[in-house]
Every structure is written in C-alpha cells, then in structure tokens.
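Under the working numbering, the residue at position 222 of the sequence shown is numbered 230, and the numbers go up by one with no gaps. C-beta: ideal position from N, C-alpha, C; glycine also. Following: one structure in structure tokens, then a few remarks.
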Amino acid sequence: MTIPEASHRHAAHNRTALNKFKAMAATLEGWELSTQKDGVKLYTKAVEGSPLPMVRGEVTLKGDEFTPRNVASVALDPGCRKIWDDRYDVSDTKEWFSSTESLTWVKLKAPWPVSPRDFSVATIRDIGEDECNVVISSVEDSMTPPVSGCVRGNLIISGWRLYRVPEGVAITYITQVDLAGSIPSALLKAIQIQVPLCAGKVIDYINSYGFPPINESATAKFKSESFDHLKRTLVSEFEGQGEVRYIASNKMYPNGVKVSINGSATHEILPADRKNKLIVVKNINGPVSITISKA
C-alpha cells in the first residue's frame, strides 16, 4: 500500500518511523537468537547506552483462515490488546488524523513498588492484502501531557510486520523502549522475554475470538472508532457523504451480527469469504455513528 501524503503535525515523524521499521523487519542481520518459547523465536540486538536491548519475536499463524489484515487488527486494536497483553492497562486515542494515523496516550502496568509507565505515541498503519506494517513510536504533544503517578517512557520504535507465507501469516514484532527511571534488573529481564512473546499472544487471541470488525474502505470521512472486546461492539463515527464497508469475523460473531445507525444512512449485511460477513453502510449523510455488535 502507498501511504497517502499528510500534513498533520506528526506526519513526517510517522513516515520516518515506518521506513526505519520496514528496514529492520526485512532482515535478521545483527540479531541474536536468544531462545524459543511457546512457538515464538525470541531475538535481541544490543543498543549502545541502553539497559534493555531491542527485542524481536517471530512466529507463524498456520493455515489460511486469516489474512495479514485480520491479524493486524488484533495486534493494534486497544480492545483486543486488553485481552492479549498482560502489561497493558488503559489507553486513550486523543486524535485521529485519518483512519490510518492517530495520536494515543497509553499506560502500562508495573508490579509494586515500580511506578506504571505511560507513553505518548503516534501510530501509522500501512495496510495491504499480502503485507501489513503497523508502527508506533513516541512523540511529544500538548494533547498527551505527563500524568501524575506515572513515569513517562520513550517508545523509540515498536512495530508489527504481518505477511503471507505458504504456511499462513508470518508475524514479526519488534520493540525498542526506554522505560526511564529505576527498574529492578529482574524485571528488566522478564520484560525482555515477555515483550516479544506478544506475537504468540496475538495468535492465541485470533484463534480463540477471530478479529474485530475491519473498516475495509470508506468514502465518507472517517472520524473515530472504538472496539469493546467484552461486549463485542465496534462504534465508528463518520462525517460527510458516502459509504463504508466492514468485514465482520464469523468467529467473533458466530450467531450473526447486528448493525445500529444513529444518523442518516442505510445498511445491508452480505456473505463474505471464510464465512465472514460484509457490512455495507451506504447513503451516509453525516454525522453518523455506526455500531456493530452481536445479533
């Protein structure tokens, strides 16, 4: 996919981070295989001046039930991450620059007496049929000021590469982070192992629950979206005129899917590949709120 031009305040930062991540993910040169656990190969790369090395997890989701885009939605969505990432506490998307770029405040848990870490991050999504790259990295922004009780960390770069291989979907997850402040050495070692294992946790999630509804395309202007795993509910906001198309997972909604619209629009639910559902919301005359939930 070609990333569209953008002029928002973090556009250049996002594109630099995306290119840096793609170069790192394309090769294992300079990475040291440290161990293999739960089917995930764990690699490290020393970073000068940092107590934590850069870490990398590699694993393959077997079979043809899911696409790279399906897996990307699970890896990135906060509602899903709440389930598959034990370290994740809460997040708040402060601004959507587009459906593929956003600014978010994120808080991670920490065991007592270590203070929780929070981050101000920008995200960019490069989504294609055969390969997806999603990159998250720290930025300074007035909408994400320091929070009392947290230590502000620096997520130098974190990204997911998901791509088709003959066996299924290959997953590469790379993270380089400065947690700042004082961290016990035992906790640092645990983080070194725990972070790359998230690649396997994403596989566990998608095999158990499927994926949240995916915005496949939209001609109306995207404003925001939020997914609640426990309720299996996606709420999206649009403005302007046009239509939007979603794919809803058969595994996420085995008994069918329901669409509710607040505003002016119509919809239809059609069969899609792999027993999934295609939801087409058309004749949008925004503002419109679309809720997708269990039937």
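Separation of aspartate 138 and proline 121 (C-alpha to C-alpha, rounded to the nearest whole angstrom) is 44 Å. Between the segment 105-115 and the segment 251-262, the count of Cβ pairs shorter than 8 Å is below three; the stretches do not touch. Ranked by Cα distance from proline 61, the options Ile191, Lys53 and Met151 are led by Lys53. If only complete runs of 3 or more residues are kept, the segment 96-178 shows the beta strand (DSSP E) at 96-106, 109-116, 125-135, 139-146 and 162-173, in order along the chain. If you compare the alpha carbons of Asp186, Phe74 and Ser150 with that of valine 55, the shortest gap goes to Asp186. By the criterion of a C-beta distance shorter than 8 Å, asparagine 223 is surrounded in its chain by Ser107, Phe230, Glu233, Ser244, Val252, Arg253 and Tyr254, once the five residues flanking it on both sides are discounted.
Cβ-Cβ separation between threonine 68 and isoleucine 179: approximately 7 Å, consistent with a contact (criterion under 8 Å). DSSP, reduced to helix, strand and coil, places asparagine 263 outside both helices and strands of the structure shown, so it counts as coil. As the crow flies, the alpha-carbon of isoleucine 292 is around 10 Å from that of alanine 226.
In the three-state reduction of the DSSP assignment, histidine 21 falls in the helix class. For histidine 18, the CB contacts under 6 Å within the same chain, skipping 5 residues up- and downstream, are Ala130 and Val147 in chain order.
Of the residues assessed, leucine 41 falls on the exposed side of the cut-off, its CB having fewer than 16 other CB atoms within 10 angstroms. When the beta-carbon positions are compared, glutamate 73 and alanine 14 stay at least 8 Å from each other. Runs of the beta strand (DSSP E) spanning 3 or more residues and lying entirely within the segment 216-241 occur at 222-226 and 229-236, in chain order.
DSSP places leucine 187 outside both helix and strand once states are collapsed to three, so it counts as coil.
Straight-line spacing of the CA atoms in lysine 302 and tryptophan 39 works out to 44 Å. Taken through DSSP and simplified to helix, strand or coil, asparagine 284 comes out as coil. For valine 82, no beta strand (DSSP E) segment is defined; the enclosing uninterrupted segment is the alpha helix (DSSP H) at 76-84. DSSP lists Ile298 as the bridge partner or partners of isoleucine 269.
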